[in-house]
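Asker: Sequence lines, in order, name chains F and U. If you're matching positions, the first sequence starts at 0 in numbering that gives the first Met the number 0 and goes up one per residue. If you're matching positions, the second sequence starts at 0 in numbering that gives the first Met the number 0 and goes up one per residue. Ideal placement from N, C-alpha and C gives every residue a C-beta, glycine not left out. Submitted below is the structure of interest, expressed as structure tokens.
2 protein chains.
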Amino acid sequence: MRTIDSPELALIQTFVAAFDVAPPPAGPGDDCAVIHAAGRDLCITTDAVIEDAHFTLKHFSFEDVGHKALAVNLSDLAAMGAKPRGFVCALALPPRLRYGVRRIAAGMSRLARLQGISLVGGNISAARELSITITAIGEIGPGGALTRSGARPGDALYVSGTLGDARLGLSLLREGIRRGVARRQLRPEPRIRLGQICARHAHAAIDISDGFAQDLAQLCRASRAGARIDTVSLPLGAELRRRARTTERAVRWALTGGEDYELLVAVPPAGAAAFERHCARFGERVSQVGVVTSGAQVKFISPEGTTIAPPPGYDHFAGVRSRTD
Amino acid sequence: MRTIDSPELALIQTFVAAFDVAPPPAGPGDDCAVIHAAGRDLCITTDAVIEDAHFTLKHFSFEDVGHKALAVNLSDLAAMGAKPRGFVCALALPPRLRYGVRRIAAGMSRLARLQGISLVGGNISAARELSITITAIGEIGPGGALTRSGARPGDALYVSGTLGDARLGLSLLREGIRRGVARRQLRPEPRIRLGQICARHAHAAIDISDGFAQDLAQLCRASRAGARIDTVSLPLGAELRRRARTTERAVRWALTGGEDYELLVAVPPAGAAAFERHCARFGERVSQVGVVTSGAQVKFISPEGTTIAPPPGYDHFAGVRSRTD
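Here you go:
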């Protein structure tokens, strides 16, 4: 898989190689790390949003930036099936943007209240570019954390919500449209409740941040398995279908768009019906898009039944400077 | 106190005001926040080092940057009397500096091994300026966390090590000297063991990151108390005395220099002798520099017995762009 050799993953591997680390979930390599603290497991994750790499102030309001900084971390907790507990926030702030602090905090606190998670500490430093690094902590239920590595051949693969909308949102923002699907880019909704449902039914999960194809590859690699995806089953929103004009383009955005912050979940076939019922009861939309296979190959099947090669996912260090420019 | 109205604190207050937060130590406002997790308290802290604000690559090697990023966080754990447990690292990396990742990790992992703390997760993003945001977690002993707010009138005030050396180190680096006292700037040593000794004897503690005068003001404010400091008792290293030329200048650097990462500790008078013996047994140098007083005033007494007004401490948003330029 191309993604395994991506520059970003190579950098992470270089960094981690210097340390004595436990395998995931106790060490790096999953959506969160798990810390064992007397009697209970805690999930911990850290993620940053950086001006001009993850957002531009031309398109994002300060409230959007505050929301998204927290949302991307909560999405990692969701993928582990964890219940959010607290977070710390390190804000790097150009002095010219001091006036935005109140609005950044307002966007972040609104999401924090919705999800019942408390700000417990933080730090503000002067910097040349605006960035927000959040570390979030969650509690794991008695069944243990949901990881990327538990998928087994035969498992049904589900995704939540719709794919490609964050990518469409980017195009809409460039046209000056901030409403509707554009909000998928500005205000992603972490699938916290769905994650806790998945923790009871699924073998493995990952959140879709770098694009479905790339995150699927991560899940398969961690699980030492492959996958077969029926692209005709990918959940595409009506506006994406309309605006992309061709189905081929809509599917490409769904596979590689990134930042959807939906969950990709591997569910054992015997539990699939119960999983779907549980999701339906709580109004959580999930779609089966394929199955886990043995071997390491990930195959994408076109509506005509032929195998198609997806374009690569986004990589920060692959020469693309910005997702939002 | 001027520091209480400082722009950086005002920004933090603006940010925090948007959230429903618990008072410290469960919420923001101390060196770390405390999270209650079944049966045990965990300390959590986050801090960033940012290129040209906290270091320059002209003076710091990549190993120094990696060391310092972790050290400043471990210093916060030390101030709470916590035992380091694990940390996550978010690295924002300009693509031109990719070659430095291995060396940043090497400097960080050396300190992590020395202190017995594990890297548990992290994240690398492309950015315009190099920054490292670490969130560290520590365990608190059965006596509970040491906070800033417990100092009482009559307590003896101690500082560890020597003061002002990090400021002197900055001058040495500008002269091209990287050895000796310059290492106090490049490779601060978090006082982890001392912090655990303090947890058994002290009423309150804070680490000295923004300068003795400013951090003392924070401790006094949190404790609703004042202090009287005998400047003649401030622990000054021989090289600082020599290089500063005048005692007045040496004392000014000791009071305002910042980044010493020593501990300032308030110890009840009845326990002071036992505290000093405990420190001596483990080779931890501490000096009594004054006492906690009632009221809100902080007085600095000159060798001649007159009251002197200290210059203000460092503030990122007070118009000073960089400590290291």
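Under a three-way DSSP split, which group does residue 83/U fall into?
Answerer: It is a strand residue.
Asker: If you compare alpha carbons, which of 236/U, 50/U and 295/U is closest to residue 152/U?
Answerer: 295/U
Asker: Got a sec: is the Cβ-Cβ distance from residue 18/U to anything in chain F below 9 angstroms?
Answerer: yes
Asker: Let me know if residue 183/F comes out buried or exposed under the rule of 16 or more other beta-carbons within 10 Å of its beta-carbon.
Answerer: With 16 or more other Cβ atoms within 10 Å, it is buried.
Asker: DSSP three-state label for residue 40/F, please.
Answerer: Reduced to three states, the DSSP call for residue 40/F is strand.
Asker: If we define contact as Cβ-Cβ less than 9 angstroms, is residue 25/F a contact residue for chain U?
Answerer: At least one chain U Cβ lies under 9 angstroms of residue 25/F.
Asker: Nearest-angstrom Cα distance between residue 220/F and residue 148/F?
Answerer: 8 angstroms
Asker: Tell me, which residues are paired with residue 89/F by DSSP?
Answerer: 122/F and 132/F
Asker: Please name the residue, chosen from 207/F, 291/F and 201/F, that lies closest to residue 227/F on a Cα-to-Cα basis.
Answerer: Checked all of 207/F, 291/F and 201/F; the closest Cα to residue 227/F is 291/F.
Asker: Using CA coordinates, which residue listed in 43/U, 188/U and 156/U is at the minimum distance from residue 289/U?
Answerer: 156/U
Asker: Does DSSP put residue 277/U in a helix, a strand or coil?
Answerer: helix
Asker: So which residues on chain F does residue 101/U lean against when the C-beta distance must stay under 9 angstroms?
Answerer: Listed along chain F are 13, 14, 16 and 17, each with a C-beta nearer than 9 angstroms to that of residue 101/U.
Asker: Do the CB positions of residue 299/F and residue 197/F come within less than 9 angstroms of each other?
Answerer: The Cβ-Cβ distance between residue 299/F and residue 197/F does not fall below 9 angstroms.
Asker: Should residue 217/F go down as buried or exposed, given a rule of 16 or more other Cβ atoms within 10 Å for buried?
Answerer: A residue is called buried when at least 16 other Cβ atoms come within 10 angstroms of its Cβ; residue 217/F meets this threshold and is buried.
Asker: From which residue to which residue does the alpha helix (DSSP H) around residue 182/F run?
Answerer: Segment 181–185, the alpha helix (DSSP H) holding residue 182/F.
Asker: Hey, quick one: how far does the beta strand (DSSP E) through residue 106/F stretch, first residue to last?
Answerer: From DSSP, residue 106/F is part of no beta strand (DSSP E) but of the alpha helix (DSSP H) over 100–114.
Asker: Step through the CB atoms of chain U and report whether any lies within less than 9 angstroms of the CB of residue 300/F.
Answerer: no
Asker: Does the beta-carbon distance from residue 193/U to residue 135/U come in below 9 angstroms?
Answerer: The Cβ-Cβ distance between residue 193/U and residue 135/U does not fall below 9 angstroms.
Asker: So, at 7 angstroms on beta carbons, what are the nonlocal neighbours of residue 93/F in its own chain, with the 5 sequence-adjacent residues on each side left out?
Answerer: 126, 127, 128 and 129
Asker: Under the rule that 16 or more other beta-carbon atoms within 10 Å means buried, what is residue 281/F, buried or exposed?
Answerer: With fewer than 16 other Cβ atoms within 10 Å, it is exposed.
Asker: For residue 52/U, would you say it is in contact with chain F, using Cβ-to-Cβ distances shorter than 9 angstroms as the test?
Answerer: yes
Asker: Against chain U, does residue 176/F count as a neighbour if the rule is that its beta carbon must be under 9 angstroms from one of theirs?
Answerer: no
Asker: Roughly how many angstroms separate the alpha carbons of residue 225/F and residue 171/F, rounded to a whole number?
Answerer: Near 34 angstroms, if we compare the C-alpha coordinates of residue 171/F and residue 225/F.
Asker: Buried or exposed for residue 50/F, going by 16 or more other Cβ atoms inside 10 Å?
Answerer: buried
Asker: Compare the Cα-Cα distances from residue 188/F to each of 100/F, 164/F, 137/F and 104/F and report the closest residue.
Answerer: 164/F
Asker: Three or more beta-carbon pairs under 8 angstroms between the segment 109–127 of chain U and the segment 234–254 of chain U, yes or no?
Answerer: no
Asker: Using 9 angstroms as the threshold, is the C-beta distance between residue 68/F and residue 87/F below it?
Answerer: no
Asker: Nearest CA to the CA of residue 231/U: which residue from 257/U, 301/U and 256/U?
Answerer: Ranked by Cα distance from residue 231/U, the first of 257/U, 301/U and 256/U is 301/U.
Asker: At a Cβ threshold of 9 angstroms, is residue 119/U touching chain F?
Answerer: yes
Asker: Less than 9 angstroms separating the beta-carbons of residue 31/U and residue 70/U?
Answerer: Between residue 31/U and residue 70/U, the gap from beta carbon to beta carbon reaches 9 angstroms or more.
Asker: Can you tell which of 167/F, 262/F and 122/F has its C-alpha closest to the C-alpha of residue 45/U?
Answerer: 122/F
Asker: Compute the beta-carbon to beta-carbon distance between residue 374/F and residue 104/U, rounded to the nearest angstrom, for a pair I have assumed lies under 8 angstroms.
Answerer: Since the first and last residues shown for chain F are 0 and 324, residue 374/F lies out of range.
Asker: Quick one: list the residues of chain U neighbouring residue 328/F, beta-carbon separation under 8 angstroms, in chain order.
Answerer: With chain F represented from 0 up to 324, any question about residue 328/F goes unanswered, as that position is not in the structure.
Asker: For residue 286/U and residue 215/F, I'd like the C-alpha separation in whole angstroms.
Answerer: Separation of residue 286/U and residue 215/F (C-alpha to C-alpha, rounded to the nearest whole angstrom) is 58 angstroms.
Asker: Looking only at its own chain, which residues have a Cβ that is under 8 angstroms from the Cβ of residue 21/U, when we skip the five neighbours before and after it?
Answerer: none
Asker: Run the CB neighbour count on residue 142/F, radius 10 Å, all protein chains shown included, and call it buried at 16 or more, exposed below.
Answerer: exposed
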